[in-house]
Structure formats: C-alpha cells, structure tokens
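*Asks:*
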Amino acid sequence: MGLDGLNKQAKILAVDDSKMNHKIIDKLLSEQYNVSFALSGEQCLEEIGETAPDLILLDVTMPGKDGYETCIELRKLSRAKDIPIIFLSGRCSIEEKLKGYEVGGDEFITKPFEGEEVLIKIDKCLAYQADATVLQSQVKAVSSVANSALKDNSYFGQCLSFIEQTFNVRTIEDLADVLLDTTRGFGVNATLQIRMNDHAYNFEDDHVPRELEAALISKTFQNGRYVDFGRRTVINYRCVSLLIKNMPLEDSLRYRLIREQSLALLKGAEARVDYIITREKMHKLEEMLKKLIGKTHGLLQVEDVNNHEVVASMIGIYEDVLRDVEMKFTNLDLEESAEREILRSLAIGLRRLVDLQDNLHQTNEGFDKIVDDVKS
C-alpha cells in the first residue's frame, strides 16, 4: 500500500491550547487524515488511554503540563511509546529543538509554520513508522525462528546425549534412569513403561509408583503413536511407552518439540531394549552350554575309564587263554606248523584287542578336544 493509502487511514491527534490553531490544523490536514484535538497535555493523556493515534502534533507551550512534560509521560505508556511525536513551538533555538529530541520527540516544527512543511514531516514520520512496524514484525519473525532453532537444538542435543549414554546401558533400570533424566531436562514430568518377556516394567521420574498411571499406559499403548488426555500425552513404541503429565499446551512450539524429541528418545530406547533382551538370551544360552559341556566331559571321563577296564579285562582273559593253550600243546600230538598257525591266530586276535584300545583312546582324545574348543 502506498503512502496516500496509509495517510487516508492515519489518525492524528493535535494537542494545542489554542482553538484557533485547531482550526488551522484541521483545515490543513482534514482532507488527508482523520484529525482529533486536545486542549492540554492532561487531555492528551486521557485521549491516549481511550484510543491511540498514529501520530501526535504536540504544542510545547501550554498551561499545566507543557509539551515536553507531556511527551515524557507519553513515552512511559506502552501503547504510546512508539507513536511519532512532532513538536510545534514558537521557540526556535537549537537548545529547544535538542530538548524536544531528548524527551522523545521525532520532529520539531517552528511556529508560524508552513503547511507544506507540516505535510512533508507528517508523511515522513508516518512512512518511517510504517517501515519500523514492518521491520519490527520481521525481527519478531526472525527471532521466533531463531528461538525455535535454539530450542530445537537444545532438545536435539539432549537426545544425542541420551543416545550416547545408552551405549553403556546393560539393564532396563539403567535405561529408565537415563531416559527420565533426559525428560526432566525437557522440563516435564513423566512415567516410562518397558515391556519385555511378557511383563510390563514401570518407572517414575520421582520413584513413586502410581498404579493408575501404569494402568493408563497399559490400556493405551496399542492405540496409536500419540494418545492425548488434556495436558497428558502417552507416546508409544513397540516395547516402550512414555506418559508425559504436564505438556505445555500454552506453548505450541515447545509442545511440538517435546512430542517429536520424546518420540526420538523412545526409538533409541527401544533399540537398547532389543539389545538387552538379546544379551539376556545369549547369557542364558552360554550358561546352558557350560552345563552341557560339564556334563558331557564328565560322561566322557566315565566312559573312558569303563572302556579301559573292559579292554584290560578282555586282554587279561585272552592272555590266560593263550597260556593255557601253550601248556596244553605239550599234551597234544600236533605238528609244529599247526602249533605255529594256532599261536599266530591267537596273536592276531590279541593285536586286534590292543588296536581297539588305541582306537577308544583316540576317540576320547577327540571328544576332549571338542570340549576344549567349545569352552574357548
């Protein structure tokens, strides 16, 4: 919108104790501006309390509060601290003009004034104010984005710290402590539920068990990612859920960041729960293998003793038979070649028994090696 459009909408309050000056100003400005009048500084302050103008023309010399005192009071008011103020005065010294700027004035026009000068300075002040308003709006927008980024980075940094800490977590109790420390950093109160091995474990940030909160989480963890109950929000993942009990409904930016970053926390927590479950299973399997190895080793030792005893008994019996046969050879009418053949057959049998013993020994050594390999 151009200046002409802005000027037609602008409201100007002229403050002067002379009604004659009111008429002069009205004639000069009424075609372009919406002009109202006050006869004193006190009346000006009352007018500002009801409706704020876009610009004030303020006479310096007035009974009661003069223009400088009135300007000082105006700048104390939140609704008037940014309104352009143009002083009108018959005093034209440099000192007077400097005083006008010191108390908060924007321009100074010397009486008697030229109409064109007044119009030019009014247009300049209104244009400056419009630019300042736009700039202020842009600054607020940039500030909002910057604050959002700072908050986002703050929450993100806390989430990153949580992920780093979980690398050293070995139990769900430690995991809960780290996660709830992080949510405390978010400025919220929370309860965490971890579900594993067909059991739900609940952890409170103040370590005070609350059955109703645990029941609420158990009832809603399958109802979607987010479940809202006024200021309470339940955030769900497959095996972890977080109940936040004081969500900042009045701060939409913080509300959004807490929801998003809490979800990121749960994603990291779930990965660690999976690790803890796997680690527990591996530990149980390791214990089972140790027991199995111990039992197997014991059985092999018993079997080794039994095998040695059986083979030793067989060899002893065979040697007794061999001696008995040799003794009886003397009473038999056998040729020498036949005797040698019989003795050779008996010797072969004995050799086979010895080989059997060696094979059993090698088999036991093989089992022992397998047991040692599994242990290592």
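In our numbering, the protein residues as written are 1 to 376.
The beta carbon of each residue, even a glycine, is placed where N, CA and C say it ideally should be.
Cutting at 6 angstroms between CB atoms, please list the residues of its own chain near A10, excluding the five before and the five after it.
*Replies:* Y33, D54 and L126
*Asks:* Taking the straight line between their C-alpha atoms, what separation do you get for D251 and L180?
*Replies:* 22 angstroms
*Asks:* Is the closest heavy atom of the ligand ATP to the C-beta of A271 under 7 angstroms?
*Replies:* Of ligands this structure carries none, so the ligand ATP is not represented either.
*Asks:* Is it true that the region 258-266 meets the region 237-248, where meeting means three or more beta-carbon pairs spaced less than 8 angstroms apart?
*Replies:* Yes, the region 258-266 touches the region 237-248.
*Asks:* Where does Y237 land, buried or exposed, given buried means 16+ other C-beta within 10 angstroms?
*Replies:* buried
*Asks:* Going by beta-carbon coordinates alone, are G187 and Q158 separated by less than 8 angstroms?
*Replies:* no
*Asks:* Out of H199, T183, G224 and D198, point me to the one whose CA is closest to D206's CA.
*Replies:* T183
*Asks:* What distance in whole Å lies between the Cβ atoms of L58 and I86, which are believed to be in contact at a cut-off of 8 angstroms?
*Replies:* 7 angstroms
*Asks:* Do you know whose CA, among E260, E211, S30 and Y201, lies nearest Y226's CA?
*Replies:* E260
*Asks:* Entirely within the region 38-96 and at least 4 residues each: give me those alpha helix (DSSP H) ranges in chain order.
*Replies:* 41-50 and 67-76
*Asks:* Using 8 angstroms as the threshold, is the C-beta distance between I217 and Q193 below it?
*Replies:* Pairing I217 with Q193 gives a Cβ-Cβ distance under 8 angstroms.
*Asks:* Look at the Cβ atom of E42, then the Cβ atom of K76, and state whether they are nearer than 8 angstroms.
*Replies:* No. Outside cutoff.
*Asks:* Please classify K290 as buried or exposed, where buried requires at least 16 neighbouring CB atoms within 10 angstroms.
*Replies:* exposed
*Asks:* R210 by DSSP, collapsed to three states: which one?
*Replies:* coil
*Asks:* According to DSSP, is V169 part of a helix, a strand, or is it coil?
*Replies:* coil
*Asks:* Report the three-state DSSP secondary structure of F379 (helix, strand or coil).
*Replies:* In the structure as shown, the chain starts at 1 and stops at 376, and residue 379 therefore has no counterpart that could be examined.
*Asks:* Let me know the secondary structure DSSP gives E238 once reduced to three states.
*Replies:* According to the sequence shown, residue 238 is Arg rather than Glu. In the structure shown, R238 sits in coil (DSSP, three-state: anything other than H, G, I, E or B).
*Asks:* On a Cα-Cα basis, can you pick out the residue from K97, I83, T133 and E50 that is closest to Y68?
*Replies:* Nearest C-alpha to Y68 among K97, I83, T133 and E50: K97.
*Asks:* Please state whether the Cβ-Cβ distance between I83 and V103 is less than 8 angstroms.
*Replies:* no
*Asks:* Apart from the five residues just before and just after E211, which ones in its own chain have a Cβ nearer than 7 angstroms to its Cβ?
*Replies:* Cβ neighbours of E211 beyond the five flanking positions: none.
*Asks:* According to DSSP, is F186 helix, strand or coil?
*Replies:* coil
*Asks:* Going by the DSSP bridge assignment, what does L13 pair with across the sheet?
*Replies:* S36 and I56
*Asks:* Could you check where the beta strand (DSSP E) with N202 kicks off and where it finishes?
*Replies:* H199 to E204
*Asks:* I'd like the list of long-range same chain contacts for R79, defined as Cβ closer than 6 angstroms, with 5 residues on each side in sequence excluded.
*Replies:* A52
*Asks:* Between which residues of its own chain and N272 is the CB-CB distance below 8 angstroms, once the five residues before and five after are set aside?
*Replies:* The identity of residue 272 in the sequence shown is Arg, whereas the question assumes Asn. The residues are T166, V169 and L175.
*Asks:* Would DSSP call D251 helix, strand or coil?
*Replies:* coil
*Asks:* Rounded to whole angstroms, what's the CA-CA distance from C92 to E107? Just pull it up for me.
*Replies:* 13 angstroms
*Asks:* Can you tell me which residues form a DSSP beta bridge with T191?
*Replies:* Note: T191 sits in a beta bridge opposite E204 and L243.
*Asks:* Could you spell out where the alpha helix (DSSP H) holding D26 opens and where it closes?
*Replies:* K19 to L29
*Asks:* Output the boundary residues of the beta strand (DSSP E) element that contains E107.
*Replies:* Its beta strand (DSSP E) spans residues E107 to T110.
*Asks:* Please classify R256: does DSSP put it in a helix, a strand, or coil?
*Replies:* Note: R256 maps to helix in three-state DSSP.
*Asks:* Under 8 angstroms by Cβ, that's how I've got T191 and E173 pegged, so tell me the actual separation to the nearest angstrom.
*Replies:* Rounded, the Cβ-Cβ distance is 15 angstroms, inconsistent with contact.
*Asks:* Cβ of T70 within 8 angstroms of Cβ of S89?
*Replies:* no
*Asks:* What are the start and end residues of the beta strand (DSSP E) that includes V227?
*Replies:* V227: member of the beta strand (DSSP E) spanning Y226 to F229, first to last residue.
*Asks:* Would the beta-carbon of V15 fall within 8 angstroms of that of I56?
*Replies:* Yes; because the gap between Cβ atoms is below 8 angstroms, this pair is in contact.
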